[in-house]
Every structure is written in structure tokens, then in C-alpha cells.
Amino acid sequence: MYSAKISASTIPVSEELRLQKLSEYEILDTPAEKSFDDFAQLAADIFEMPNAVLGFFAENKVFTKAVIGDQLDSNLQQHIFDSLKATGDAGVIEVTQQFADVSQSSIRFIVGAGIKLTDDLSLGAIIVYGDHPSIATPHQLNMLNRLAEMISEKLEVRKALRKTLRAQDDRLHVLIHDLKNPMTTISLQSELVSRIPDADERTINIAGKINHQSKRMVDNLNQILSSARKENGSFKPQKNKIDLRELLSNSIKDLEIVTRDKKQFFNINIDTPVEIFGDEVKLSELFYQLLHNASKFSHAESKIQITHQINENLVTIAIKDHGVGLNEDDLDRLFIKFSRLSSTPTNHENSNGLGLIAAKMFTDMHKGKLWAESEGKDKGTTFFVELPIK
0 MYSAKISAST IPVSEELRLQ KLSEYEILDT PAEKSFDDFA QLAADIFEMP NAVLGFFAEN
60 KVFTKAVIGD QLDSNLQQHI FDSLKATGDA GVIEVTQQFA DVSQSSIRFI VGAGIKLTDD
120 LSLGAIIVYG DHPSIATPHQ LNMLNRLAEM ISEKLEVRKA LRKTLRAQDD RLHVLIHDLK
180 NPMTTISLQS ELVSRIPDAD ERTINIAGKI NHQSKRMVDN LNQILSSARK ENGSFKPQKN
240 KIDLRELLSN SIKDLEIVTR DKKQFFNINI DTPVEIFGDE VKLSELFYQL LHNASKFSHA
300 ESKIQITHQI NENLVTIAIK DHGVGLNEDD LDRLFIKFSR LSSTPTNHEN SNGLGLIAAK
360 MFTDMHKGKL WAESEGKDKG TTFFVELPIK
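Per numbering that gives the first Met the number 0, the sequence shown starts with residue 0, numbered consecutively.
The following block contains the structure:
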């Protein structure tokens, strides 16, 4: 059996309310997160133990969010979590005796702290354990309590941040709807211009490009709307077999007006088709943004090179320019909204960083990686996109 020291009285809590809170924090049935792994590792370090587990109460079960070292025996883990679940305060339960009634009899030390909200509702617990006896000092227990409070604070900040982001999404939706109407009108009017019987070839060509770009703008606005709503299915990529070389060529055509004005040249060093399974619309936007970015930060009459490398089930596309380059601080802030970089576009083009944010989002949706490398100012930049082939 075990002996336990509980520093707070047992308080009945509502399972329904607990599940509601966990849903608000978006905890249950979510993938691992480094921050929770870090909390578990810190807890283990406090007591100089090799093992720790951080979990949340889900009805009569425990949803494990982080594990350091060996997994605790399921029966013993459930028993300890149940004890902490009944604790109204973030009290520490210290267990130091041997256990004769559990399968994992090698455990000789367990200490845990409940993770609670300001209304005394316990949501989860963090537990540290090891196979050698030890005595927890008051200082260590206070540190564990503080760590549990920090986890609670993280959850509150996370909830507030996501609430703010949703409010921003709502405003974004209104703005996009207001923008779509005039863009649709421009598209229709340019199409009518191209059909004028006496229109010359140059007028028809310009009207066609206006029509193409305005339609692209409407498509992009629709993509932003669908991607901002994670709750609807359109956020997930609709994957089909696509040829990356053809997709890159089409993105370059969309930039024809920009590159012609700056007399720039894109060189695709991909001789054979490179087929992957991906969302054609989202990947087109991803590479359009990266190619447009390379053009903006490259000088007139410069060449931008596009190469690829295949390694097992991964393909890496490299977009290398010989432009203004990036310093280390720029590289750290590259994918942060509205961050100001030391580099500026070479022809005073508008740049707010949102294009790279969109590119990063579309890369993440395909479970890929996006990063940049630069040797410094005026030494150019290379963007790398790594994507799974299947």
C-alpha cells in the first residue's frame, strides 16, 4: 500500500465543467507540444529524478500530454491522478513507501502537484517518480507547486490569445468580403474590355492580364477565408498528384509583369517532372509568395535560381536569389507577422511579411518545413521548402 500527504481538503468537482474547460483550452486529443515536455522535464530536474508525466483529467481517464523517461504503470498512474483530482488546491501528494499492490513495484518515490484554475477546479496533474527512495524538501515542493501554477497560467494565456485571434479572424472576414466585391467587378469589366470588337491586340492583352490577376486576388481572398476557419473542412489540404516543375512554371508566369519591369529572370533547374501528393491551390500560393519575395528583394536584371533535391520520401525546393540578403536577427523574425526586417525591397515594393506567413502556413498544412539561409547583407538569400512526396 502507499502513504500519502495531502495538503488540501477533498472538494467534489463537476466532471462536465472540467471537460468544458479542457475543451476551451483545446487540450484533449491534441498532439504533443514542446512546452509541456519542457514543464515535465523541469519537474523531473527539481527532484533529480529521471521520470515525469503531465496529464489532464478526462472523465474517468487521464489524457497524457507529456512523458519524460519511463512510462508510469497505468494502474499506479491512474490512482495517483485520482488522488490529485480530488484535491481542491494545487496541493502536493508525496508518496515514498514501497507499493505491494501495483505491478510496477520498482517505484520508490512519487511526488505530484495538481494543476488547477482560479476557481479551484483541478484540471490535471504533474507527477515525478523514480526507482530509488528520496525525501522531498519543502523548497522542492514549493517549486513543484509553482510549476503547476505556471502551467495554469500558460493555459489562461493560450485561451486569451486564441480568443483574440478568433476576433481578428472575424474582422478579417468582414474586410475580405468588402474587398471581394470590387475585385469581382474589376474581373468582369476587364473580361468585357477584351471582348470589344474593335479592341487592338495590346488592349486585349492588358485586359486579359487584369482579368487573370483580379481572379487570382479573389481566389486568394477565398483561401484566406477558408484557412482562417479551422473548424470547416476546407482548412485541410485536398491532395492530388501534381508536378512541382509545372506548378513552379505557372507561378513564374503569374509574376510576369513584376519580373518584366525589373528585367529579372527565373531559372528552373529541374529537368524531369517531380510529382508529389499535395493541394495544388495551396502549393501554388506557397511558391508564388516565395518567388514574389525573391523578386522584391533582388536587384534589377538579376537571376533567381530554382533547384531541387530528392531524399527518400522528401523533396526540397531551393529558391536562391542574389539580392539584399538577411542578417541573423532577420532570420529569427522572418515568419512573425508585421515584423520589421533590416532588408527592404529593391524597388520600394510593399512588404509586410504576410506573404511569408501564408507560405509558412501552407507548408505546415502539408507537414513540410520552410526555412531561409543567408550569409548576410547583400549576399543573397535562399529559401528552402521541404515537402513529403506522398
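Yeah, the Cβ is synthetic: ideal placement off N, Cα and C, and Gly gets one too. Predicted model only: the values in this text are computed from it and were never measured.
N- and C-terminal bounds of the alpha helix (DSSP H) containing residue i
i	result
K281	E279 to K295
K113	Contrary to the premise, residue 113 reads as Gly rather than Lys in this sequence. Note, G113: premise wrong, no alpha helix (DSSP H); beta strand (DSSP E) at F108 to K115.
E23	E14 to Y24
A358	L353 to M364
F35	K33 to I45
Burial state of residue i, where buried means 16 or more other Cβ atoms lie within 10 Å
i	result
M48	buried
K252	exposed
G367	buried
K295	buried
S73	exposed
L178	exposed
N239	exposed
L27	exposed
A335	A small fix is needed here, since residue 335 is Ile in this sequence, not Ala. Exposed, since its Cβ has fewer than 16 Cβ neighbours within 10 Å.
D329	buried
T136	exposed
M182	buried
V384	buried
L16	exposed
N141	exposed
Q308	exposed
I166	Checking the sequence, you will find Ala at residue 166 rather than Ile. Flag for A166 reads exposed.
L21	buried
L174	exposed
Q237	exposed
S213	buried
L187	exposed
S297	buried
Endpoints, the beta strand (DSSP E) within which residue i is located
i	result
Q77	Unbroken run through Q77 is the alpha helix (DSSP H), S73 to K84; no beta strand (DSSP E).
A57	N50 to A57
E372	K368 to E372
E408	No answer is possible for residue 408: it lies beyond the span of the chain, which begins at 0 and ends at 389.
L120	Where L120 is concerned, there is no enclosing beta strand (DSSP E), given that its DSSP letter is neither H nor E.
I267	F264 to I267
V66	K60 to I67
Own chain residues within Cβ distance below 6 angstroms of residue i, not counting five before or after
i	result
S133	F108
Q304	N266 and K319
A51	A39, A42, A43, I67 and V127
E190	N210
S257	Checking the sequence shown, residue 257 turns out to be Val, not Ser. Only S294 meet the Cβ criterion.
E372	T381
K84	F56 and S121
E245	none
H321	S301 and G379
S193	I203, A206 and G207
A299	K261 and K262
V61	G54 and F80
S102	Low confidence applies here, because S102 scores a pLDDT of 45, under 50, leaving its location unreliable; read the following figure in that light. Around S102: D72.
L154	Y24
R332	S338
F264	K302
Cβ-based neighbour list, residue i, same chain, cut-off 8 angstroms, excluding 5 preceding and 5 following
i	result
I241	E274, I275, F276, G277, E279 and L282
H138	none
A31	K64 and A65
N312	P387, I388 and K389
Y287	S250, D253 and L254
N219	E284
Cβ separation of residue i and residue j, assumed to be a contact under 8 angstroms, to the nearest whole Å
i	j	result
I388	V314	6 angstroms
N249	T306	18 angstroms between Cβ atoms; not a contact.
K376	L369	The Cβ separation is near 22 angstroms, so there is no contact.
G64	F46	A small fix is needed here, since residue 64 is Lys in this sequence, not Gly. Not confirmed; about 19 angstroms, so no contact.
A112	L160	The Cβ separation is near 25 angstroms, so there is no contact.
S151	I114	6 angstroms
F361	L285	4 angstroms
H291	G354	6 angstroms
Nonlocal neighbours in the same chain, by C-beta distance under 7 angstroms from residue i, ignoring five residues either side
i	result
N326	S341, G375 and K376
R216	Residue 216 is actually Met in this sequence, not Arg. Hits under 7 angstroms: M182.
I356	F334 and K336
L116	K20, L122 and S151
S147	A quick correction: the sequence has Ala, not Ser, at residue 147. For A147, where only same-chain residues beyond five positions count, the Cβ hits under 7 angstroms are A89, A112, G113, I114 and I125.
Checklist entry - At which residue ranges does the stretch 303-329 contain complete beta strand (DSSP E) runs of 3 or more residues, listed in the order of the chain? => result Restricting attention to beta strand (DSSP E) runs no shorter than 3 residues, the stretch 303-329 encloses them at 313-319, ordered along the chain.
Checklist entry - At what residue ranges does the stretch 186-259 contain a whole run of the beta strand (DSSP E), taking only runs of 3 or more? => result 239-242
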